[in-house]
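K.L.:
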DNA sequence: TTAAATTATTTACATTCTTAACAATTTTAA
DNA sequence: TTAAAATTGTTAAGAATGTAAATAATTTAA
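Protein chains in written order, with our numbering: chain A, -8 to 145; chain B, -8 to 145.
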C-alpha cells in the first residue's frame, strides 16, 4: 500500500514547533479519554471541575466557583442546574448575601464524587504512565506558567 | 480587603494534580492570546492549522487535511468555504479523483500566510519566553506523547 | 439615602463538534 | 465485467460551550 495522503506523509511545518498547537492536540486527546472514563457517571471535564471545587470549598457562591475555574458566571447556571437535577449538588441560600447561592454536595453527591474520583485517577494514571521520573511535576509547572501568562497588549 | 472568595483562597484539590485540567487552562490561555494576535487577519487557531498544512502540502484533499489535524471531514467544508471567500485558498479539481478537491494557497494566500506567520511567531515567542533552556523541546515531546496515547478500551 | 456595583439568571448568538444522510465516484470482490 | 462496498464532499440537525447583554434583587459606597 502506497499510503497516499496518510498523515505520516504530511509536513506539519510550523505547527510542529508551536506549543499552542501541541497543547491543543494533547488536550483534546486527554479530554476525550476523560469523557469515556466518566461517561457512565454522566460527568464531563467541566462538570468535574465544578464538583472538585465544591467538594473542597463547600459554601462557595456560583460566581466564586466560576472565577476559580476561569469560566463565565452565566455559564454556571446550567451547570449547577444539571448537577442539582442529578442530586449531586444543592444550592442553599447564602447566610451573608441574599443575592447569592451557596453550593454544597448532597449526601449522595459525596458518595458519587468519591467513586468518580477513583475513575478519574485511573484515567490520570494511564496518561501519567507516559511521563518519566520527574516529568509530571515539571509539565504541570510549565502549564501553570503558560496558563498564568498575561502578555501586555500591544 | 479580606479577599473573601477570591481565587487565592480556593482549594483546588485534585484538580491541581491533573494533567488534563492543567492542559485545559494552559490551552485556553494560549489560544486566547493567539486569537488576539491574529484577529486583524480574521484567523483563528483552527484556520491557521489548515493554512499551515495547505502551504506545506499543496494539492492535498480536504479529507487528508482533516485527518492530519484530527478533525472531521465534514467540518472542513465551512472552513475551506471561509478561506476561499477570503481569497486565501482555492479548491481545484483533483486530477486523480473526481470526487475530491485539491487545495492550494492562492497567490494572495501565499503573501497573507507569510505575514500571518510573522505574527504567530511573535505570539509564540511571548509564551516561549516563559520556558527555560531545553524546556520547549521537552514540553513538546511530552505533549506529543499525550496526544498520541490511545489507552486500551476497558 | 441615593448611586453604583454585584449576584444569579435569562436570552440570544456564534462556534465548534458530532452524527447521519446523500449523490457522485472510486475501489474491491465475486 | 459487474455488483457491492467504501470514499469524497456536502448538507442538515443537534449538542456543547462560550460570550454578551439585559434584568430584578440585593448589597456596597459615596
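The C-beta atom is built at its ideal place from N, Cα and C for all residues, glycine as well.
1) Here's the rule I'm using: 16 or more other beta-carbon atoms within 10 Å means buried, otherwise exposed. How should residue 100 of chain B be labelled?
2) Could you tell me the boundaries of the alpha helix (DSSP H) in which residue 140 of chain B lies?
3) Could you tell me which whole alpha helix (DSSP H) segments of length 4 or greater appear in the region 57 to 135 of chain A?
4) May I ask you to report which of helix, strand or coil DSSP gives residue 54 of chain B?
5) So, for residue 77 of chain B: in the same chain, excluding its five sequence neighbours on each side, which residues have a beta-carbon less than 6 Å away from its beta-carbon?
6) With DSSP as the reference, label residue 0 of chain A as helix, strand or coil.
7) Mapping DSSP to helix, strand and coil, what is residue 38 of chain A?
8) Nearest-angstrom Cα distance between residue 137 of chain A and residue 139 of chain B?
9) Could you tell me which of A:82, A:47, A:110, A:66 sits nearest to residue 0 of chain B, measuring between CA atoms?
10) Nearest chain A C-beta to residue 124 of chain B closer than 9 Å, yes or no?
11) What are the residues in the region 96 to 110 of chain B lying within 7 Å of chain A by C-beta distance?
12) In angstroms with no decimal places, state the Cα-to-Cα distance between residue 12 of chain A and residue 36 of chain B.
13) With a threshold of 16 other CB atoms inside 10 Å of the CB of residue 115 of chain B, please say whether the residue is buried or exposed.
P.N.:
Result, derived from the coordinates:
1) buried
2) Element bounds for residue 140 of chain B: n/a, residue is neither H nor E.
3) 64 to 76, 98 to 119
4) helix
5) none
6) Three-state result, residue 0 of chain A: helix.
7) helix
8) Spanning the two alpha carbons is a distance of roughly 22 Å.
9) A:47
10) no
11) 108
12) 8 Å
13) buried
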